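Participant:
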Amino acid sequence: MSQKNFRQLHDALLSYEGGSAYADVLLPWLHESQEEQTWLRSFGQREGEPIPAATVEELWSLYALSRVCEVLILTFQDGGFDSSWKGPAISISEFTAFIEALGLTVLKPAAYCEFYHEVLSVEPHESPDAHILAYKWPCVMLGNLLVLRGGVAVAANPALLRPGIADNSTLYWSSRRKARPHQDLSNGWGHNSQWRTAFRRDYVIGANQYFNVDGKCDLASPEWQQTDCCEMEVSLTREERIELLTNRCFVRSAKPHADLWPYHDRIRIADGTGQKKPASPNALKIALGASGLWGVLSLTWLLCGGAR
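Here it is, written out as structure tokens:
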């Protein structure tokens, strides 16, 4: 297993100027990277209690893989303030073929949920639910581990997903997007140092969703404010911290969204299906105001919605 090889693929994609990145870059790399593919499949099958263990070097390698994915999906994004390069020449079918050759799984859940979906655009709608209108790229999983959220256009009630916020606030744990501000832990580091960035791990295991499992601050804990690394320069409520963590951006909050530091937060959400509508802000406040086990379970139920 070599993180350098994923990095080499990333750099090769950036420098490629031809008309078929799949044939000219991805296929040759697949033929020469049997070690990486074997390791990925093994990692995807790894079990834990319930979260599998991962070394720092493995998290670096997963991060390099995620950077490859983020470069590949550039071509499926509309132009924005970072549109000087369209992205490598690749089709959705070729992207899917490459992902599956690596031993990963491509998903297109029919119902919207922040665990699986990144909001690219929002069309206001009176329905209490959020509905997926179109996929720009699919969700990618490695076993139970989320590698890449699917990019979707949605129609939603503004109380759930606010236009101009859900699709335009700073997207965290992201190294590159065309049409919205983005930030990850590699920002500001040098050409080599940036690759020593740990991948954010989100898992779906049984009826539970685990967001940023390596974070130090459990937002479901009554003592969450007493945990080291739980402070931000901008004051956010627990509801807003959970909104930022689970969506990787603000989707409702109108507070300043630049230069926040959500990287230490984590939470477990008991969902049951993993594909439900987001909670309304008022319902979330009620759940967070509750005490004991009911409060935690209600919180987890509401974040991906109540009934379908």
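Terminal number for the sequence shown in the numbering used here: 434, no gaps in between.
All residues carry an ideal CB built from backbone N, CA and C; glycine is no exception.
All of these numbers come straight from a predicted model, not from anything done at the bench.
Please state whether the Cβ-Cβ distance between P214 and V248 is less than 7 angstroms.
Facilitator: no
Participant: In the structure shown, what three-state DSSP assignment does G170 receive?
Facilitator: helix
Participant: Just the C-alpha distance for L230 and E349, rounded to the nearest angstrom, thanks.
Facilitator: 37 angstroms
Participant: N131 to K262, Cα distance in whole Å?
Facilitator: C-alpha separation (whole angstroms): 27 angstroms.
Participant: Any idea what DSSP makes of I395, helix, strand or coil?
Facilitator: Note: I395 maps to strand in three-state DSSP.
Participant: Quick one: what's T231 bridged to in DSSP?
Facilitator: Note: T231 sits in a beta bridge opposite M267.
Participant: Which residue marks the beginning of the beta strand (DSSP E) containing H243, and which one marks its end?
Facilitator: H243 to P250
Participant: With V377 as the anchor, note down where its beta strand (DSSP E) starts and where it stops.
Facilitator: It is not in any beta strand (DSSP E) - V377 carries neither H nor E in the DSSP assignment.
Participant: Is E366 buried or exposed, if buried means 16 or more other CB atoms sit within 10 Å of its CB?
Facilitator: buried
Participant: Pair every Cβ in the segment 183-203 with every Cβ in the segment 325-336, then say whether three or more of these pairs are closer than 8 angstroms.
Facilitator: yes
Participant: Take L200 and list the residues in its own chain whose beta-carbon comes closer than 6 angstroms to its own, dropping the five residues that flank it on each side.
Facilitator: G213
Participant: Are there 16 or more other CB atoms within 10 angstroms of the CB of G205, so buried, or fewer, so exposed?
Facilitator: exposed
Participant: Mapping the DSSP letters down to three states, classify H157 as helix, strand or coil.
Facilitator: helix
Participant: Return the first residue and the last residue of the beta strand (DSSP E) that V74 is part of.
Facilitator: Absent from the model: residue 74. The displayed extent of the chain is 127 to 434, so no value can be given.
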